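Chemist: Below is a structure I'd like to ask you about.
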Amino acid sequence: MRRCGYPQFLEALCLQCVLPATRALENSIDESALRSQIDSNIPTFGKASGVDLYDASNYTKTLPDGAPCTARIFALSAERIRAMRGELRKHVNTVTPITQCNILAALVWVHVTRARHERLVTHGHTDTNIGIAVNLRERVKPQLQPSYMGNMALMTRATASIAEFSTESCVTSATIAPAIQAINGAISNATNAWAQRHFAHFQSIDRIIDTEISLQFNRGPDLYITSWMHFGAECEWNIPGTTSKSPEYIRRTHSPSDGGVIIMPRRREVGTYSKEAPYEVLIRLAGEDMERLVNEEGGLASWSERVVG
Numbered sequence: 007m008r009r010c011g012y013p014q015f016l017e018a019l020c021l022q023c024v025l026p027a028t029r030a031l032e033n034s035i036d037e038s039a040l041r042s043q044i045d046s047n048i049p050t051f052g053k054a055s056g057v058d059l060y061d062a063s064n065y066t067k068t069l070p071d072g073a074p075c076t077a078r079i080f081a082l083s084a085e086r087i088r089a090m091r092g093e094l095r096k097h098v099n100t101v102t103p104i105t106q107c108n109i110l111a112a113l114v115w116v117h118v119t120r121a122r123h124e125r126l127v128t129h130g131h132t133d134t135n136i137g138i139a140v141n142l143r144e145r146v147k148p149q150l151q152p153s154y155m156g157n158m159a160l161m162t163r164a165t166a167s168i169a170e171f172s173t174e175s176c177v178t179s180a181t182i183a184p185a186i187q188a189i190n191g192a193i194s195n196a197t198n199a200w201a202q203r204h205f206a207h208f209q210s211i212d213r214i215i216d217t218e219i220s221l222q223f224n225r226g227p228d229l230y231i232t233s234w235m236h237f238g239a240e241c242e243w244n245i246p247g248t249t250s251k252s253p254e255y256i257r258r259t260h261s262p263s264d265g266g267v268i269i270m271p272r273r274r275e276v277g278t279y280s281k282e283a284p285y286e287v288l289i290r291l292a293g294e295d296m297e298r299l300v301n302e303e304g305g306l307a308s309w310s311e312r313v314v315g
């Protein structure tokens, strides 16, 4: 994520890889002191109120556990995403200005729900949730130092009616707009007070043995999304035998599952034909849902320059 410690770590590692190993790292960072800074701001009183996204979740699964899953990357046109953002900003009310990540998340949420629709309704599901990983570094007070390298992201959740996403025969902005409003509102709700409530909850647990979020994404109606847009590995690694100093692409290891979405790091430079690099979104779904997602007429694939996988 942007301006967090992990990119600084990768930059330092990169320097160690391309320079003599005897080179000392400058400005050594005391991670213990940075962690203490966080702990000092967490309330220590008794049992805190629960946070619903991290409570236990029981739900009706729509496929057996052994059902095959797959993963594909959808390369969505940056020009179309930007144009849609500009158009929706004119007439869709949101808590904060619509971002391109809001657009990407909404498109995926709507079209994945449509791909799952018939089976979800058959099993009695009426609502769908999307869990969104939120970077808290600039939301907590006082803000963390940029060099803090620990995990500082929590999930927030947006909810919508499954029927709301499935009414139109072909998705238009009339369906995308409420999805964006729900996503934007959920992210905007992740304030310092929201974060402190979560910190107090975790602090009050004697022993944390389960870190799973309570989303029904595994063969259920939900999904979760996280952004690696600012992953920080776009350093000049100068790896012998490669054709460029920096990586052309960054990929996740193959791990097919159901309901996980990652917005991948994106090349910033304009390509050979003066065309901006697309947004690459890795989507992992049950195999039969992926087939419907790819083949939906006017669906997510129509927004994509290519589908990989």
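Just so you know, the sequence shown maps onto residues 7 to 315 in our numbering.
Think of the CB as a built atom: it goes at the ideal place given N, C-alpha and C, for glycine as much as any other residue.
Note that the structure is predicted; figures quoted are calculated from it, not measured.
Suppose contacts are defined by Cβ-Cβ distances below 9 Å. Is N198 in contact with K147 by that definition?
Modeler: Position 192 of the sequence shown, counted from the first residue, corresponds to residue 198. Position 141 of the sequence shown, counted from the first residue, corresponds to residue 147. Closer than 9 Å, so yes.
Chemist: Helix, strand or coil, according to DSSP, for M296 in the structure here?
Modeler: The residue given as residue 296 occupies position 290 in the sequence shown. Three-state result, M296: helix.
Chemist: Write down the C-beta distance between I289 and Y230 rounded to the nearest angstrom, noting that I regard them as a contact closer than 8 Å.
Modeler: Numbered from its first residue, the sequence shown carries residue 289 at position 283. Numbered from its first residue, the sequence shown carries residue 230 at position 224. The pair is not a contact, with the Cβ atoms about 11 Å apart (cut-off 8 Å).
Chemist: With a cut-off of 8 Å on the beta carbons, I'd call I5 and W234 a contact; round off their distance for me.
Modeler: With the chain running from 7 to 315 in the structure shown, residue 5 is simply not present.
Chemist: To the nearest angstrom, report how far apart A27 and L19 are at their CA atoms.
Modeler: Here residue 27 is taken as the residue at index 21 of the sequence shown, counted from 1. Here residue 19 is taken as the residue at index 13 of the sequence shown, counted from 1. Summary for A27: the model assigns pLDDT 46, below 50, so the residue's position carries little reliability; its value from the coordinates is reported in the next sentence. Cα to Cα, the separation comes out at about 10 Å.
Chemist: Just confirm the distance between the C-beta atoms of T132 and T119, as a whole number of angstroms; I'd bet it's less than 8 Å.
Modeler: Indexing the sequence shown from 1 puts residue 132 at position 126. Indexing the sequence shown from 1 puts residue 119 at position 113. In fact, because the Cβ distance is near 12 Å, the residues do not count as touching under 8 Å.
Chemist: Please report the straight-line C-alpha distance between A188 and A166, rounded to a whole angstrom.
Modeler: Position 182 of the sequence shown holds residue 188. Position 160 of the sequence shown holds residue 166. Cα-Cα distance, rounded: 7 Å.
Chemist: DSSP three-state call for R78: helix, strand or coil?
Modeler: For the purposes of this step, residue 78 is taken as the residue at position 72 of the sequence shown. It is a strand residue.
Chemist: Among V313, E294, H260, G304, which has the Cα closest to the Cα of A73?
Modeler: For the purposes of this step, residue 73 is taken as the residue at position 67 of the sequence shown. Residue E294 is the option with its Cα nearest to A73.
Chemist: If you check the beta carbons only, do N301 and A307 fall under 9 Å apart?
Modeler: Within the sequence shown, numbered from 1, the residue matching residue 301 stands at position 295. Within the sequence shown, numbered from 1, the residue matching residue 307 stands at position 301. Cβ distance < 9 Å, so N301 and A307 count as in contact.
Chemist: I need the straight-line Cα distance from Q149 to I214, nearest angstrom please.
Modeler: Reading the sequence shown from its first residue, position 143 is the one you call residue 149. Reading the sequence shown from its first residue, position 208 is the one you call residue 214. Roughly 25 Å between the two C-alpha positions.
Chemist: Mapping the DSSP letters down to three states, classify A27 as helix, strand or coil.
Modeler: Stepping through the sequence shown from its first residue, residue 27 is reached at position 21. Low per-residue confidence applies at A27: pLDDT is 46, beneath 50, and the placement is therefore not dependable, though the value from the model is reported in the following sentence. If DSSP states are grouped into helix, strand and coil, A27 belongs with coil.
Chemist: I need the boundaries of the alpha helix (DSSP H) containing A307, first residue and last residue.
Modeler: Indexing the sequence shown from 1 puts residue 307 at position 301. No alpha helix (DSSP H) holds A307; DSSP gives it neither H nor E.
Chemist: Answer yes or no: do A192 and R225 have a C-beta to C-beta separation smaller than 9 Å?
Modeler: Indexing the sequence shown from 1 puts residue 192 at position 186. Indexing the sequence shown from 1 puts residue 225 at position 219. Contact: no.
Chemist: Please confirm whether A169 has its beta-carbon closer than 9 Å to some beta-carbon of chain D.
Modeler: Annotation note: the requested chain D is absent from the structure, which comprises a single protein chain.
Chemist: I need the straight-line Cα distance from H207 to W200, nearest angstrom please.
Modeler: The residue given as residue 207 occupies position 201 in the sequence shown. The residue given as residue 200 occupies position 194 in the sequence shown. If I take the Cα positions, the gap works out to 11 Å.
Chemist: What first and last residue would you give for the beta strand (DSSP E) that runs through M161?
Modeler: Translated into the one-based positions of the sequence shown, residue 161 becomes position 155. Per DSSP, the unbroken beta strand (DSSP E) holding M161 starts and ends at 159-167.
Chemist: Buried or exposed: H260, going by 16 or more other Cβ atoms within 10 Å of its Cβ?
Modeler: By one-based count along the sequence shown, residue 260 stands at place 254. Exposed.
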